[in-house]
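J.:
There are 2 protein chains.
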Amino acid sequence: MDLVWQERFKLRTYDVDFNNRMKISSLFNFMQEAAANSANSLGFGYDQMVAKQLFWVISRAKIEFTTFPALDEEIIVETWPRTIDKLYAIRDFIIYNQDMIEIARATTSWLMINGANMRPQRLNSNQIEVATFEGKIAIETLCEKIEPLAGSNIKTINTVKIGYNDIDINQHVSNVKYVELIFNAFPIDFLRDKQITKFEINFLTESKYDDVLTIKRDQEIEVDATSFYFEAYNQNNKPVVTAMIQ
Amino acid sequence: MDLVWQERFKLRTYDVDFNNRMKISSLFNFMQEAAANSANSLGFGYDQMVAKQLFWVISRAKIEFTTFPALDEEIIVETWPRTIDKLYAIRDFIIYNQDMIEIARATTSWLMINGANMRPQRLNSNQIEVATFEGKIAIETLCEKIEPLAGSNIKTINTVKIGYNDIDINQHVSNVKYVELIFNAFPIDFLRDKQITKFEINFLTESKYDDVLTIKRDQEIEVDATSFYFEAYNQNNKPVVTAMIQ
Chain A
21 MDLVWQERFK LRTYDVDFNN RMKISSLFNF MQEAAANSAN SLGFGYDQMV AKQLFWVISR
81 AKIEFTTFPA LDEEIIVETW PRTIDKLYAI RDFIIYNQDM IEIARATTSW LMINGANMRP
141 QRLNSNQIEV ATFEGKIAIE TLCEKIEPLA GSNIKTINTV KIGYNDIDIN QHVSNVKYVE
201 LIFNAFPIDF LRDKQITKFE INFLTESKYD DVLTIKRDQE IEVDATSFYF EAYNQNNKPV
261 VTAMIQ
Chain B
21 MDLVWQERFK LRTYDVDFNN RMKISSLFNF MQEAAANSAN SLGFGYDQMV AKQLFWVISR
81 AKIEFTTFPA LDEEIIVETW PRTIDKLYAI RDFIIYNQDM IEIARATTSW LMINGANMRP
141 QRLNSNQIEV ATFEGKIAIE TLCEKIEPLA GSNIKTINTV KIGYNDIDIN QHVSNVKYVE
201 LIFNAFPIDF LRDKQITKFE INFLTESKYD DVLTIKRDQE IEVDATSFYF EAYNQNNKPV
261 VTAMIQ
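Residue numbers (my numbering), protein chains in the order written: chain A, 21 to 266; chain B, 21 to 266.
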């Protein structure tokens, strides 16, 4: 049983931005696709869990970038289940360009949810056995709770109503849509000039159709600043997603 | 030289909606990808035209559906250059499911734009030779100008500001994003119950970053009505896109 899964993806027109650089939201798509296939191949994926009313949700992610590939290039997403940390299953990633040069690394934290009561399950306490590849590590420090820097000046940018294209087969907003929301909240000049080296995200509350999200971020957007904080709240004033761009 | 191009696509999680039916916006992605590859293979694609400052823009599209495939299914997009009609290059499509059962047909109208003055070029008047497969036809009647039905009651739904994720490598809003906007403007109950059999769209004006679009549609949304009209205007009150769902 091979604990390391590799999958190739080609960057289509809709996977690159106005700079002809891979969109981080598209990389998220690819990582989730590879994670799902990896888990299935190891016996703890959707196919094995659905009958037991169990499913995975991603809770936190952290990606470090060196370069961003361009249109028509291919990338290879390598992923493996790294370890278990309390309630979290930790899954790491290394991303390569088509010449197998490393271009990004990521670590992600997942919860196994029981669909009957929507609560996280203690891992390996039921019939689903989660294998791990202890010792193979992409980013040493696990994902942490994201908080604004001390003294940050957070302002409301706009509100966004959740529509048809924002919800997935489970009728929830997909994680990739949150990543899109985050980058939509930043000025285009910033996104043209900024060389992004790190992206962190925490998924806190699910969103459904017709929810209205209030989008907030650091007011001061200067390319020579190092960190840019983002958060979204729903109409019940619950935090939905937080993120940090570096 | 084979005038008919076939390309396979797999429906990933982000290609299906909350009904587990293929999104029309994803089909648009696939059709544009296959069209680009077909044109390249026949000598009138991006690769051959870019040096001459020429490029294709899609002006109109009409798709007729019989069934919508589900998650993890594959589709085969077949496309060919059908004929030339005044300034328009006509390109048709037949879409098959993985068992090669036909599930949709489409006809599309494209303009060849001269990047030097942004005006449409008369076809086959320059060094780019556009081959056509006369006689092979997916939908008999070519795309026409879309207009609201007489007596329609059109109302404004909301406004949408164009952001980072809405623009493509050419710094314009991609056609697929317009398709997303259209379906986002309709109620979820309608999109759950309605069996869509036809989708028509006209692309009228380009949109750029920070443009604000006003979204309008037929006020009466009843599943037993037959046609549903949509239009978007920009901040200069120019029509940007119109569509009809049946």
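Yeah, the Cβ is synthetic: ideal placement off N, Cα and C, and Gly gets one too.
Being a predicted model, the structure only gives us computed values, none of them experimental.
(1) Check whether the Cβ atoms of Gly135(A) and Gln73(A) lie closer than 8 Å to each other.
(2) Considering only C-alpha positions, which residue in the set Asp230(A), Gln239(A), Glu220(A) and Ser247(A) is nearest to Val13(A)?
(3) So, does the region 82-92 of chain A touch the region 32-44 of chain A, judging by three or more C-beta pairs under 8 Å?
(4) For Asp188(B), I'd like the list of residues in its chain whose CB is within less than 7 Å of its CB, leaving aside the five on either flank, ordered along the chain.
(5) Which bits of chain B does Asp188(A) rub up against, with CB to CB less than 9 Å?
(6) With three or more beta-carbon pairs closer than 8 Å as the criterion, would you say the region 42-62 of chain A touches the region 92-111 of chain A?
(7) Mapping DSSP to helix, strand and coil, what is Arg41(B)?
(8) Taking only beta-carbon positions, decide if Gln191(B) is within less than 8 Å of chain A.
(9) Who are the near neighbours of Ala54(A) in its chain, counting only those whose CB is closer than 7 Å to its CB and skipping five residues on each side?
(10) May I ask which residues mark the beginning and end of the beta strand (DSSP E) holding Ala67(A)?
(11) Please name the residue in Asn146(B), Thr127(B), Phe48(B) and Arg111(B) whose C-alpha comes closest to that of Ala71(B).
(12) Could you tell me the alpha carbon to alpha carbon distance between Asp231(A) and Lys181(B), rounded to whole angstroms?
(13) With a threshold of 6 Å on Cβ separation, who are the neighbours of Asp238(B) within its own chain once the five nearest residues in sequence on each side are excluded?
(14) Quick one, which residues of the region 202-231 of chain A are near chain B if we go by CB-CB under 8 Å, in chain order?
(15) Are the region 112-131 of chain A and the region 79-88 of chain A in contact at 8 Å, needing three or more beta carbon pairs?
(16) Using C-beta distances below 7 Å, list every residue in its chain close to Leu162(A), excluding the 5 sequence neighbours before and after it, in chain order.
(17) For the alpha helix (DSSP H) that contains Leu62(B), what are its first and last residues?
(18) DSSP three-state label for Val199(A), please.
(19) Check the C-beta distance from Asn256(A) over to Leu233(A) and give it rounded, since I have them as a contact under 8 Å.
(20) Does the beta-carbon of Gln52(B) have 16 or more other beta-carbons within 10 angstroms, so that it is buried, or is it exposed?
(21) Which class does Phe206(A) belong to by DSSP, given the choice of helix, strand or coil?
T.: Taking the structure as given:
(1) The answer is yes: Cβ separation under 8 Å.
(2) Residue coverage of chain A in this structure runs from 21 to 266, which leaves residue 13(A) outside it and unanswerable.
(3) yes
(4) Ser194
(5) Thr33, Tyr34, Val36, Asp37 and Phe38
(6) yes
(7) coil
(8) yes
(9) Trp25, Glu27, Val97 and Thr99
(10) Checking the displayed sequence, the identity of residue 67(A) turns out to be Asp instead of Ala. Run containing Asp67(A): none in the beta strand (DSSP E); it sits in the alpha helix (DSSP H), Tyr66 to Met69.
(11) Asn146(B)
(12) 18 Å
(13) Ser172, Phe248 and Tyr249
(14) Phe203, Asn204, Ala205, Phe206, Ile208, Leu211, Tyr229 and Asp230
(15) Segments in contact, yes.
(16) Asp105, Ile110, Thr127 and Ser129
(17) Note, Leu62(B): premise wrong, no alpha helix (DSSP H); not H, not E.
(18) helix
(19) The pair is not a contact, with the Cβ atoms about 11 Å apart (cut-off 8 Å).
(20) buried
(21) coil
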